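Novice: The listed protein sequences correspond, in order, to chains A and H.
Residue numbers for the first sequence follow my numbering, beginning at 1446 and rising by one.
Residue numbers for the second sequence follow my numbering, beginning at 26 and rising by one.
Just so it is clear, CB atoms sit at the ideal spot from N, CA and C, and this is done for glycine as well.
Since we're looking at a predicted model, the values are computed, not measured.
Structure in structure tokens, see below.
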Amino acid sequence: MEKKGIFDNPRNLKILLAALYILCFVSFAAELLIHKHTYFDWEKWPLFYGSYGFISCVMLVLVAKYIVRPLIMRDEDFYDR
Amino acid sequence: MIDNFPPFAVFYLGSLLVLLTKGRIRNTILVAVPVISFILLTNVDAGKYLEYSFLDYTLNLYRVDKLSSVFGYAFLIISVAIAFYGFHVKNNKEYVIGLIYAGSGLGAVFAGDLLTLYFFWEVMTIASTFIIWNGKTKDCIQAGFRYFLFHLAGGLILLFGIILYISETGSTEFVHMGWTDLATGLIMLGFGVNAAWPLLHTWLVDAYPKGSFFGTVMLTVFTTKTAIYTLARGFSGEELLIVVGAVMTAFPIFYAVLVNDLRKVLSYSLINQLGFMVAGIGVGTTLAINGAVGQAFVHIMFKSLLFMGMGAVFYRTGKINATDLGGLYKYMPWTTVFTIVGALTISTFPFFSAFVTKSMILSSIAHEGYGIVWLTLVFASAGVLHHSGIKIPYFAFFSHDSGLRPKEAPWNMLVAMGFLAGLNILLGIYPAPLINILPYEVSYNPYTLGHVIYQYQLLLFSILAFTLLLRSGVYPAEIRAINLDFDYFYRKAGTIFMKFEDNYILPCFNFFKKLFFESIPSLLNYLTKDPVKLIYRVLEDEPMGDDGIKMQGWLIGWSVFVVTVFLVIYLLVFMHF
């Protein structure tokens, strides 16, 4: 039985992505308005959390794809041979 | 008296009853067992009950205090959910073992002394092995054996440590001990095996993804969280644990990006979550312990929810690899929603339960000034969002259309998942009930404006990274493959040992077996046979009748006698030199 889902309409996906970009911007703007209580100095840098999260994820994926995978990937029957 | 009836006894009793019943009666018992235990537990005052004497040691079957109660409550709440989750499973076997497994987990956290703890610890190992074997494929059986060997080794290390500890201190009581000498070191290592410490973690990612859709949910709750309890009880404030915990949070996320089997992704993510708890225990301040214990509590709720979601997908489609799944949100909408709630919780979105407890851990680490550990943990938080928060729901329910057209999960599974999803949201919005049962009284408010904004910023930009990587095609495609983990070395060592045994040890044994049980006896037989009768028989050509049987018996007797003589000579020689 075929069903139509909300993401079968490309417009909805675009709306979702637009919402993400806007929310990212809002979270950055909100940071500038509040007074900061922090433990570490680096937390005071503007957009520290956003950039750390972004860079972490990109690094994570790149390291996993280009360094870890070539080292550890084997055929599915590796242990059965 | 009835108030002091310990939960494990209710579970063991329930297990017996489940063995004898089926259908609705069985399901009623399954729900009644944890509910009754819960009521009993809430009515019992803190203290020690059911003390008894064994080999001149005072043992204590039921110790109730704040630390053990948190784990007790969590185990009982999740038992209700798991009971619902498997209502439609006709076969009683998994439930019978499951109740013993859960009961032993409860027995272990309420055990007041080390020997009782060890007993329940080992029963858990055996019960959980049977749950893995219930998956029934060849893979499950083999993984079950590996799992069992691993825990047997861990259990022996623990037992050795306990024996040393008791002989040194003369006390069996399980209290805070800290790593001071060999004995306590071995005990900590024994706990560490079950807490899936780095390099000792391979049993978890090997065995957990191989259970049945239902068995795996049970497995993920009890073994590791009991280990977290024991570490919190015995080794809080042990600085080594901070480092161990930080490593545990970081390394599994690289695997989680690459692994294809979604239950394996969750297994790696489980280690990552345990890492946060272990690190919190290592810090050891009141806030940190509260955070670690609270994290264990909510982790039981949201991780089971995620495993239940993937279990439902596995149950309905028979597939669990990211490469085979996708587009299911149209066909399993409720499962999708509940899994997303679990995903949002594990990613520590504000207003979901884990945000409260994980913030406690991170704040306590920052408060003590462990900068690098803090950065590692925040990096790992972004990683969690990435693999559990996004990868799990995205590849199972969205992504490309896999062509699968399954039915929605059965109602009882949805009830179980809905209950847990609701609980995670409730405790996120109104955390007071959880904070009240934590071991220490600490005032902590995670919902400051700054903290919430920072958290959203971290998460939103991580989602942004995932989206951009995916849309640009940089994100690695899932591939059907094995990703080697440290168990490569265990398996390699095992294979080498078996080869050595086959080529050198077995032939040696074979030679002695032949010599003592075939060559020497047959020679003796030949020599001790009555030569006259033999010749007479040959000449008369008489068939061997009853007499022949008697003669055989007589010969066996002779052989045994001769072997005994050999043994005696051997012993005498051995004792003299």
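Could you name the residues of chain H that residue 1459 of chain A contacts, counting a contact when the two beta carbons are closer than 8 Å?
Specialist: Simply none; closest approach about 12 Å.
Novice: From the beta carbon of residue 519 of chain H, is the nearest beta carbon of chain A less than 8 Å away?
Specialist: no
Novice: So, is residue 412 of chain H buried or exposed, given that buried needs 16 or more other C-beta atoms within 10 angstroms?
Specialist: buried
Novice: On the three-state DSSP scale, how would you describe residue 568 of chain H?
Specialist: Low confidence applies to residue 568 of chain H: its pLDDT is 48, below 50, so where it sits in the model is not reliable, and the reading given next is rough at best. In this structure, residue 568 of chain H counts as coil in the three-state DSSP scheme.
Novice: Report the three-state DSSP secondary structure of residue 162 of chain H (helix, strand or coil).
Specialist: coil
Novice: Could you say if the segment 153-160 of chain H and the segment 243-262 of chain H meet the contact criterion of at least three C-beta pairs nearer than 8 Å?
Specialist: yes
Novice: On a CA-only basis, which of H:236, H:58, H:459, H:181 is nearest residue 158 of chain H? Give me that one, please.
Specialist: H:236
Novice: What does residue 1448 of chain A touch in chain H if you count any residue whose Cβ is under 9 Å from its own?
Specialist: 355, 356, 430
Novice: Between which two residues does the beta strand (DSSP E) carrying residue 270 of chain H extend?
Specialist: Looking at the DSSP string, residue 270 of chain H is not in any beta strand (DSSP E); the run it does join, the alpha helix (DSSP H), is 264-283.
Novice: List, in chain order, every chain H residue whose beta-carbon is nearer than 8 Å to that of residue 1462 of chain A.
Specialist: 492
Novice: Who are the neighbours of residue 1481 of chain A on chain H, taking C-beta pairs under 7 Å?
Specialist: 475
Novice: What are the complete beta strand (DSSP E) segments, minimum 3 residues, inside the segment 51-119 of chain H?
Specialist: 72-79, 82-89
Novice: In its own chain, which residues sit with a C-beta less than 6 Å from the C-beta of residue 584 of chain H, not counting the 5 before and 5 after it?
Specialist: If we look at residue 584 of chain H and ignore the five residues flanking it on each side, its Cβ neighbours are 546.
Novice: Spell out the partners DSSP gives residue 1519 of chain A in its beta bridges.
Specialist: H:507
Novice: Quick check on this structure: which residue in H:239, H:46, H:586 has the alpha carbon closest to the alpha carbon of residue 437 of chain H?
Specialist: H:239
Novice: Are the C-beta of residue 284 of chain H and some C-beta of chain A separated by less than 8 Å?
Specialist: no
Novice: For residue 198 of chain H, list the residues DSSP reports as bridge partners.
Specialist: H:138
Novice: Using only alpha-carbon positions, find the residue among H:258, H:122, H:44, H:118 that is nearest to residue 133 of chain H.
Specialist: Taking only the C-alpha atoms, the option nearest residue 133 of chain H is H:258.
Novice: So which residues on chain H does residue 1526 of chain A lean against when the C-beta distance must stay under 8 Å?
Specialist: Residues of chain H whose Cβ lies closer than 8 Å to the Cβ of residue 1526 of chain A do not exist, since the nearest Cβ in that chain is about 11 Å away.
Novice: Name, in chain order, the residues that DSSP records as bridge partners for residue 1486 of chain A.
Specialist: Partner(s): none; residue 1486 of chain A has no beta bridge.
Novice: For residue 327 of chain H, tell me which candidate among H:206, H:295, H:98 has the shortest Cα-Cα distance.
Specialist: H:295
Novice: Note down, in chain order, every chain H residue with its Cβ under 9 Å from the Cβ of residue 1510 of chain A.
Specialist: 282, 283, 499, 500, 501
Novice: Along chain H, which residues have their Cβ under 8 Å away from the Cβ of residue 1465 of chain A?
Specialist: 485, 488, 489, 492
Novice: Residues of chain A with CB closer than 7 Å to the CB of residue 481 of chain H, please, in chain order.
Specialist: 1472
Novice: Around the C-beta of residue 76 of chain H, are 16 or more other C-beta atoms found within 10 angstroms, so that it is buried, or is it exposed?
Specialist: Burial call: exposed.
Novice: When you compare only the Cα positions, how much space is there between residue 501 of chain H and residue 341 of chain H?
Specialist: 27 Å
Novice: Would you kindly check if the distance between the Cβ of residue 98 of chain H and the Cβ of residue 507 of chain H is under 8 Å?
Specialist: no
Novice: How is residue 1454 of chain A classed by DSSP in three states: helix, strand or coil?
Specialist: coil
Novice: Going by C-alpha distance, which of H:78, H:96, H:80 is nearest residue 319 of chain H?
Specialist: H:96
Novice: Are the CB atoms of residue 283 of chain H and residue 1503 of chain A nearer to each other than 8 Å?
Specialist: Not in contact: residue 283 of chain H and residue 1503 of chain A (Cβ atoms no closer than 8 Å).
Novice: If you follow the alpha helix (DSSP H) that residue 325 of chain H is in, where does it begin and where does it stop?
Specialist: From DSSP, the alpha helix (DSSP H) with residue 325 of chain H extends over 311-342.
Novice: On the three-state DSSP scale, how would you describe residue 231 of chain H?
Specialist: helix
Novice: Measuring only between beta-carbons, confirm whether residue 1456 of chain A sits less than 8 Å from chain H.
Specialist: no
Novice: Helix, strand or coil: how does DSSP classify residue 470 of chain H here?
Specialist: coil
Novice: Which chain A residues are close to residue 508 of chain H, counting only those with a beta carbon under 9 Å from its beta carbon?
Specialist: 1513, 1514, 1517, 1518, 1519, listed in chain order.
Novice: Return helix, strand or coil for residue 286 of chain H, following the three-state DSSP convention.
Specialist: strand
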